[in-house]
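In what follows, a single structure is set out as structure tokens and then discussed.
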Amino acid sequence: MLSRREREELERIGGRIRDDDPELARAFGRGGPPRRWAGDRVLRRGLDMFAGVLIVLGLVTLNFGLVLLAAIVLIVAAFAHVQGRGGSPSSGAPDNDG
1 MLSRREREEL ERIGGRIRDD DPELARAFGR GGPPRRWAGD RVLRRGLDMF AGVLIVLGLV
61 TLNFGLVLLA AIVLIVAAFA HVQGRGGSPS SGAPDNDG
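Per UniProt numbering, residue 1 is the first one in the sequence shown, and the count goes up by one each step.
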């Protein structure tokens with residue numbers, strides 16, 4: 001059980017969150033992660049597919065430049081995936097990518 005002072009502190013923090021970021025406050029109320037832009041997932045998948053196409057084209061045409069460009073695109077895609085996840089996989093939050 002929380003003391004009166006702890007409850008007041010939690011109410012003060014909750015009020016500040018509601019004022020600063022209403023979407024985050026609603027997400028806390030729902031118990032789920034905040035909503036994300038749906039195009040972000042499409043962008044990440046598009047980067048993956050683009051890199052795959054570049055790898056295949058580079059290997060078929062024996063063009064090392066395309067394979068190198070594909071590696072760079074894969075690095076960018078990896079950063080986009082990590083940034084877009086919003087938390088660690090061990091946090092228990094569902095991954096909405098699939």
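Every residue, glycine too, gets a C-beta built ideally from N, C-alpha and C.
No experiment lies behind these values; they were computed from the predicted model shown.
Asked	Found
In or out: R44 buried (at least 16 other Cβ within 10 Å) or exposed?	buried
Can you tell me whether L68 is buried or exposed, with buried defined as 16 or more other CB within 10 angstroms of its CB?	exposed
In three-state terms, what does DSSP make of M1?	coil
Which term fits L59, buried or exposed, when burial requires 16 or more other beta carbons within 10 angstroms of its beta carbon?	exposed
Under the assumption that A80 contacts A51 (Cβ atoms under 8 Å), give the Cβ distance between them as a whole number of angstroms.	Actually they do not touch by this definition, with Cβ atoms about 11 Å apart.
For A25 versus I17, is the C-beta spacing smaller than 8 Å?	yes
For D21, report the span of its alpha helix (DSSP H) as first-last.	Careful: D21 lies outside any alpha helix (DSSP H) and carries neither H nor E.
Counting only the same chain and skipping the five closest in sequence on each side, list residues whose C-beta sits under 7 Å from that of G40.	Per the sequence presented here, residue 40 reads as Asp, with Gly not at that position. Only G84 meet the Cβ criterion.
Look at the alpha carbon of V82 and the alpha carbon of I75, and state the distance between them as a whole number of angstroms.	11 Å
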